[in-house]
Amino acid sequence: MKVAKPNSITMKKSTINLFGILLIVSLLGCMREEFEDLPRARFSTAADIFTDDFVGLGSDFYFPYQTAKPNVFSVDDNESYKGNASIRIDVPDANDPAGNFAGAIFRIDGAGRDLQDYNVLSFYARASQAATLSEIGFGQDFLGDTYRAYRTQVNFTTNWQKYIIPIPDPSKLLEVRGVFQFAAGGIGPEGEEVGFSFWIDELKFENLPSVAQPLPLVNNGEDQSINSFNGVTLPVTGTGVLMNVDGFDVRVESSPSYFNFKSSNPNVATVNELGQVSVLSSGNARISASIGVGENEMDAVGSLTVVSEGPFLSAPTPPDLDAEDVVSIFSDAYQNVPVDNFNGFFQFATTQGGAIDIAGETIISYTDLNFVSVNMFNSPDVDASQMTHIHVDINVRENVDPGDFLRFQIINNNGPGETSGTVDLTTYQPLVSQEWVSYDIPLSDFAGLGATNDVDLIFFISDGTISDIFVDNIYFYR
Amino acid sequence: MNNTNRIFTYILILSFGFLLMIGCMETNELPDRGYTLVWSDEFDGTTGDPPNPEFWNYEIGTGTNGWGNNELQYYTNRTENIHIDGKGNLVIKAINEPFAGRNFTSARITTQGLKEFRFGRIEARIKTPFGQGLWPAFWMLGANIDGVGWPQAGEMDIMELRGQQPSTILGSIHGPGYSAGDAISGSFQLFDSRFDTEFHVFAIEWGADFIDFFVDERLYQRLTPDDLPAGSDWVFDRHFFLLLNVAVGGNFVGSPSPDTRFPQTMLIDYVRVYQ
Numbered sequence: 003m004k005v006a007k008p009n010s011i012t013m014k015k016s017t018i019n020l021f022g023i024l025l026i027v028s029l030l031g032c033m034r035e036e037f038e039d040l041p042r043a044r045f046s047t048a049a050d051i052f053t054d055d056f057v058g059l060g061s062d063f064y065f066p067y068q069t070a071k072p073n074v075f076s077v078d079d080n081e082s083y084k085g086n087a088s089i090r091i092d093v094p095d096a097n098d099p100a101g102n103f104a105g106a107i108f109r110i111d112g113a114g115r116d117l118q119d120y121n122v123l124s125f126y127a128r129a130s131q132a133a134t135l136s137e138i139g140f141g142q143d144f145l146g147d148t149y150r151a152y153r154t155q156v157n158f159t160t161n162w163q164k165y166i167i168p169i170p171d172p173s174k175l176l177e178v179r180g181v182f183q184f185a186a187g188g189i190g191p192e193g194e195e196v197g198f199s200f201w202i203d204e205l206k207f208e209n210l211p212s213v214a215q216p217l218p219l220v221n222n223g224e225d226q227s228i229n230s231f232n233g234v235t236l237p238v239t240g241t242g243v244l245m246n247v248d249g250f251d252v253r254v255e256s257s258p259s260y261f262n263f264k265s266s267n268p269n270v271a272t273v274n275e276l277g278q279v280s281v282l283s284s285g286n287a288r289i290s291a292s293i294g295v296g297e298n299e300m301d302a303v304g305s306l307t308v309v310s311e312g313p314f315l316s317a318p319t320p321p322d323l324d325a326e327d328v329v330s331i332f333s334d335a336y337q338n339v340p341v342d343n344f345n346g347f348f349q350f351a352t353t354q355g356g357a358i359d360i361a362g363e364t365i366i367s368y369t370d371l372n373f374v375s376v377n378m379f380n381s382p383d384v385d386a387s388q389m390t391h392i393h394v395d396i397n398v399r400e401n402v403d404p405g406d407f408l409r410f411q412i413i414n415n416n417g418p419g420e421t422s423g424t425v426d427l428t429t430y431q432p433l434v435s436q437e438w439v440s441y442d443i444p445l446s447d448f449a450g451l452g453a454t455n456d457v458d459l460i461f462f463i464s465d466g467t468i469s470d471i472f473v474d475n476i477y478f479y480r
Numbered sequence: 511m512n513n514t515n516r517i518f519t520y521i522l523i524l525s526f527g528f529l530l531m532i533g534c535m536e537t538n539e540l541p542d543r544g545y546t547l548v549w550s551d552e553f554d555g556t557t558g559d560p561p562n563p564e565f566w567n568y569e570i571g572t573g574t575n576g577w578g579n580n581e582l583q584y585y586t587n588r589t590e591n592i593h594i595d596g597k598g599n600l601v602i603k604a605i606n607e608p609f610a611g612r613n614f615t616s617a618r619i620t621t622q623g624l625k626e627f628r629f630g631r632i633e634a635r636i637k638t639p640f641g642q643g644l645w646p647a648f649w650m651l652g653a654n655i656d657g658v659g660w661p662q663a664g665e666m667d668i669m670e671l672r673g674q675q676p677s678t679i680l681g682s683i684h685g686p687g688y689s690a691g692d693a694i695s696g697s698f699q700l701f702d703s704r705f706d707t708e709f710h711v712f713a714i715e716w717g718a719d720f721i722d723f724f725v726d727e728r729l730y731q732r733l734t735p736d737d738l739p740a741g742s743d744w745v746f747d748r749h750f751f752l753l754l755n756v757a758v759g760g761n762f763v764g765s766p767s768p769d770t771r772f773p774q775t776m777l778i779d780y781v782r783v784y785q
């Protein structure tokens, strides 16, 4: 019996050893499995941005917008929704010498966050008086702003309320450094805005089951067709997602990078991952988009159909003229005088557009024309008093119907002492649809126009008979 | 404390825990009423089919005063508003379109005169629409309504929902002395989901003197004659027929807002009756 004891101890030891080996083997098994099916390493999935202090943002995280008042941000130990502190922003008034609006991003000073597990950025906020923030969101990082998401025109009240910025597609957000962004001007009429303060607390990413029913939008949900030319690049705009938050729709503006774009006819136009459309050849191409991949893919409402008429047809090249023989308002051929603008958007004017770039050429494009003027009354006096004629090239972008007209008016020395004269271009030669027509009109034809020593406005007037025109090469000459 | 005591205490604590668990389980246990299926519509038709005319009638138009609730829709029997989706569901679609003087169309069907039931388990598996002003419902009316009128005939609302509160449904009964705003009503709220993002089963178990309301096998309300206002009649001991509809606007939900998305659909996977 005395020998039994050591034996039993030995047995125990061997049993323990056996279990130990089994344990190690089974652990090794697990480790091997993980190596074989290596999971993707993820950045921090931490949710909190600010509770009573900033969480994991590092030291250098506050970046105001270039034109904003820089020092508007502080941590306020006297105001909080929960705990004892909040983020405070002091929006300046209109006359603040340091800048008349507040706007900044908070960017993690270091590696970003993995936000795939969340569907909203949420926070509590109140303001010193009822106020509207022009933008609030996240994803802006001044490093490309690839995955921006923000709401516009968000109303704050004087009471703490919870706000939600839905995440357009969390699966894209593998490393986000821009975790908060805001822009706000003062309250009141333009130029007289008064400042206010607002506070943000409990700023964090969350997964809320009450947020559902995403509806992606491109081109603001509209199906739009635009005429264009080969060589033109243009962006798909109005990209956002409608998200239903506990019964009510919230729209979050969303960077194009959240979307998958496609062209119905890549021979006519291609579209890249930033929603930039490149027009290649004549024909039609519908640019549409979706969000998500695989079974989560969801078509966006809205599209942009590009109708390319082929190569852009330039206006005739103006003749070589000595500098003293020309006063050029708008032309690539001559040195132009300074101009205020090419569309003053005057009261009662429906006209849209102005100077645009088409496939590397600058022309003026007017749409919805009733009347519009090239304005020079704030610029140095335009002295064309030594000139004898005015030239203009017009390309009508629609059918020309009987009764259509296009009046051309010059106003000199705008104001009480002004003189002006008007001609109807169609009495010189007919306008032609989709073709450039050149007009060379003696200034003496502008009955009532005196000396042209201070040309202030040059009007195009159709009263809506012609809506869409291109204009090029406006110059006085002799 | 010696070892024996320790072990005893341990066993005692375990036993208490076990007893507590059993207790909880018992209070949540559903009554087994031994029901068997007596009728169902599984909506297993071909895409675009109308609902089976052997089971369902249409109610068409605007009713009187918007079906008594100032509802805004015009109910039609067009397949635009109601059809089988080919995936085993009935679709009721509320559309914003000018139609016969109204700005919305939708559909409302009943089993009146075709399938009427007295007692049993009445259930449907439904995914609701959402948004301000949408009012989907799965409900029952007393089969004698054309004779005695409403609310004398009785109404049992197995599920109704305000689109602006997509996580909350209501179950209600209406009768003489307890109708409209005075209906006897209970609500059930999901905290981890919404009724418009996935299917849920809505049911009542109904006997001579009780109506139990369920969401996904969870009993949330039990109504008996004791719950009625003093002196009013329990009118739920006769035959009732089923209704399915999606209303737009009306007293219960208010009008849709400019932000309300249309069209909106209610999907019904099945309606089943057990007795």
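So the protein lines, in turn, are chains A and B.
Take any residue in the first sequence, count from 1 to its spot, add 2: that is its number in the working numbering.
Take any residue in the second sequence, count from 1 to its spot, add 510: that is its number in the working numbering.
Glycine included, every Cβ here is placed at the ideal spot set by N, Cα and C.
Does the CB of residue i have a neighbour CB from chain B at under 8 Å?
i                     : result
residue 214 (chain A) : yes
residue 172 (chain A) : no
residue 306 (chain A) : no
residue 210 (chain A) : no
residue 217 (chain A) : yes
Report yes or no: is there a C-beta of chain A within less than 8 Å of the C-beta of residue i?
i                     : result
residue 775 (chain B) : no
residue 771 (chain B) : yes
residue 706 (chain B) : yes
residue 702 (chain B) : yes
Using DSSP's beta-bridge definition, name the partner residues of residue i.
i                     : result
residue 270 (chain A) : Paired residue(s): none; residue 270 (chain A) is not in a bridge.
residue 292 (chain A) : A:262 and A:301
residue 187 (chain A) : A:103
residue 306 (chain A) : A:226 and A:289
residue 606 (chain B) : B:614
residue 203 (chain A) : A:126
residue 157 (chain A) : A:134
residue 734 (chain B) : Looking at the DSSP assignment, residue 734 (chain B) forms no beta bridge with any residue, so it has no partner.
Quick check on residue i: does DSSP put it in helix, strand or coil?
i                     : result
residue 367 (chain A) : strand
residue 173 (chain A) : helix
residue 275 (chain A) : coil
residue 326 (chain A) : helix
residue 759 (chain B) : coil
residue 1 (chain A)   : For chain A, the structure presents residues 3 to 480; residue 1 (chain A) sits outside this window and is missing.
residue 281 (chain A) : strand
residue 770 (chain B) : coil
residue 479 (chain A) : strand
residue 446 (chain A) : helix
residue 621 (chain B) : coil
residue 711 (chain B) : strand
residue 657 (chain B) : helix
residue 534 (chain B) : Note that residue 534 (chain B) scores a pLDDT of 43, beneath 50, so its modelled location is shaky; the value from the coordinates is reported in the next line. Reduced to three states, the DSSP call for residue 534 (chain B) is helix.
residue 427 (chain A) : helix
residue 692 (chain B) : helix
Which whole-angstrom value is the C-beta distance of residue i and residue j, which I expect to be below 8 Å?
i                     : j                     : result
residue 87 (chain A)  : residue 77 (chain A)  : 5 Å
residue 659 (chain B) : residue 545 (chain B) : Contact doesn't hold; Cβ gap of about 31 Å is too wide.
residue 302 (chain A) : residue 316 (chain A) : Incorrect: roughly 36 Å between the Cβ atoms, too far for contact.
residue 115 (chain A) : residue 201 (chain A) : No, residue 115 (chain A) and residue 201 (chain A) are not in contact; Cβ-Cβ is about 23 Å, not under 8 Å.
residue 762 (chain B) : residue 672 (chain B) : 7 Å
residue 726 (chain B) : residue 711 (chain B) : 5 Å
- Message: Under 9 Å, CB to CB, which of the residues in the segment 662 to 681 of chain B have a partner in chain A?
- Response: 672, 673, 674, 675, 676 and 677
- Query: Going along the chain, which residues of the segment 636 to 655 of chain B sit with their C-beta nearer than 8 Å to a C-beta in chain A?
  - Reply: 640, 641 and 642
- Listed from N- to C-terminal order along the chain, which residues in the segment 220 to 252 of chain A have their beta-carbon within a distance smaller than 8 Å of any beta-carbon of chain B? 244, 246, 248, 249, 250 and 251
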